[in-house]
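Below is one structure; the comments refer to it alone.
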Amino acid sequence: MFILINKLKRVKLALKELNKVGFTDIQAADLRAYQTMVSAQTAMHNNPSDQSFADAKLIAIREYKEKHNAYLAFLSQKAKLSWLKDGDENTSLFNQSIKTRKVENQVYSIYDMQGEWKDTADGVSKAFLDYYKMLLGSTSDNRTPVNKEVVQQGPVCLAHHKVILNAPYTADEVKKALFSIPGIKAPGPDGFGSYFYKDAWHIVGDEVIAAILDML
Numbered sequence: 007m008f009i010l011i012n013k014l015k016r017v018k019l020a021l022k023e024l025n026k027v028g029f030t031d032i033q034a035a036d037l038r039a040y041q042t043m044v045s046a047q048t049a050m051h052n053n054p055s056d057q058s059f060a061d062a063k064l065i066a067i068r069e070y071k072e073k074h075n076a077y078l079a080f081l082s083q084k085a086k087l088s089w090l091k092d093g094d095e096n097t098s099l100f101n102q103s104i105k106t107r108k109v110e111n112q113v114y115s116i117y118d119m120q121g122e123w124k125d126t127a128d129g130v131s132k133a134f135l136d137y138y139k140m141l142l143g144s145t146s147d148n149r150t151p152v153n154k155e156v157v158q159q160g161p162v163c164l165a166h167h168k169v170i171l172n173a174p175y176t177a178d179e180v181k182k183a184l185f186s187i188p189g190i191k192a193p194g195p196d197g198f199g200s201y202f203y204k205d206a207w208h209i210v211g212d213e214v215i216a217a218i219l220d221m222l
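Everything in the sequence shown is counted per the working numbering, starting at 7 for the first residue and increasing by one.
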């Protein structure tokens with residue numbers, strides 16, 4: 007694991023340099039593509055009978071979609087990284103998230119079980135309590151205990167099931183688990199998402215498997 011982490015750190019430094027060269031103007035590229043698309047649409051409207059302007063418009067639209075999707079993906083990953091970095095700490099991002107969730111989850115009024123409208127704090131609270139008391143019921147001293155023989159009639163873990171559950175993890179299972187993670191999911195603490203590992207599997211696959219199996 008130590009060797010893999012050090013290699014990922016070195017890769018991150020190289021990726022930062024690559025980002026400076028080719029991706030620092032991703033927002034500007036998105037804006038330029040949009041302006042080009044608008045210009046192409048205007049030119050086509052001014053020359054409706056010229057097929058070349060229609061073709062240029064389609065090309066401009068396609069290029070804008072590519073640039074814009076790349077920019078949105080960049081913003082999405084950046085937002086997820088910011089949350090991973092600051093979300094669990096007492097930061098402005100964390101506090102703002104709490105405030106937003108409280109506002110979204112706040113219930114200011116509700117109908118109670120009798121169909122009456124409650125719009126006071128006490129009324130809303132009582133409506134929820136009454137509903138869940140009815141839903142969950144109360145304890146019963148006369149409840150019949152679970153019959154073990156009945157449970158045994160259903161699906162249970164047999165000896166060969168225990169062998170399967172206790173078997174060591176395999177390299178194939180590790181790979182399948184990692185490749186099942188959607189690429190748009192938030193990256194791990196190391197900053198690398200599953201897209202990176204999938205695309206570079208022929209390079210890092212063996213070391214990733216060894217590191218994970220070592221922990222398991």
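Backbone N, C-alpha and C fix where the C-beta goes; we use that ideal spot for every residue, glycine too.
DSSP state of I116 mapped onto helix, strand, coil: Looking up residue 116 in the sequence shown gives position 110. Looking at I116 - three-state DSSP - the assignment turns out to be strand.
Is G199 buried or exposed, if buried means 16 or more other CB atoms sit within 10 Å of its CB? Counted from its first residue, the sequence shown places residue 199 at position 193. Buried is the call here.
Take the Cβ of M140 as the centre, count every other Cβ of all protein chains shown within 10 Å, and call the residue buried at 16 or more, exposed below. Residue numbering aside, residue 140 sits at position 134 when the sequence shown is read from its first letter. Under this definition M140 is an exposed residue.
Assign K124 to one of three DSSP states: helix, strand, or coil. On the sequence shown, residue 124 is found 118 positions in, with the first residue counted as 1. If DSSP states are grouped into helix, strand and coil, K124 belongs with the strands.
Starting from Y203, follow the alpha helix (DSSP H) in both directions and report where the run begins and ends. Walking along the sequence shown from the start, residue 203 turns up at place 197. Y203 -> alpha helix (DSSP H) spans S200 to D205.
F202 versus T176: straight-line alpha-carbon distance, rounded: In the sequence shown, residue 202 corresponds to position 196, counting from 1. In the sequence shown, residue 176 corresponds to position 170, counting from 1. Going by the C-alpha atoms only, they are around 22 Å apart.
Just the C-alpha distance for N53 and Y77, rounded to the nearest angstrom, thanks. Within the sequence shown, numbered from 1, the residue matching residue 53 stands at position 47. Within the sequence shown, numbered from 1, the residue matching residue 77 stands at position 71. If you take the alpha carbons of N53 and Y77, they lie about 31 Å apart.
Since K182 contacts G211 with CB under 8 Å, what's their CB separation in whole angstroms? Numbered from its first residue, the sequence shown carries residue 182 at position 176. Numbered from its first residue, the sequence shown carries residue 211 at position 205. Actually they are not in contact, since the Cβ atoms of K182 and G211 sit about 12 Å apart, beyond 8 Å.
Alpha helix (DSSP H) runs wholly inside the stretch 134-200, at least 4 long, in chain order: 154-158, 165-172 and 177-185
Considering just the uninterrupted stretch of the alpha helix (DSSP H) at S55, what are its terminal residues? Here residue 55 is taken as the residue at index 49 of the sequence shown, counted from 1. Run containing S55: none; DSSP gives neither H nor E here.
Assign M1 to one of three DSSP states: helix, strand, or coil. This structure gives no information on residue 1, because the portion of the chain shown stretches from 7 to 222.
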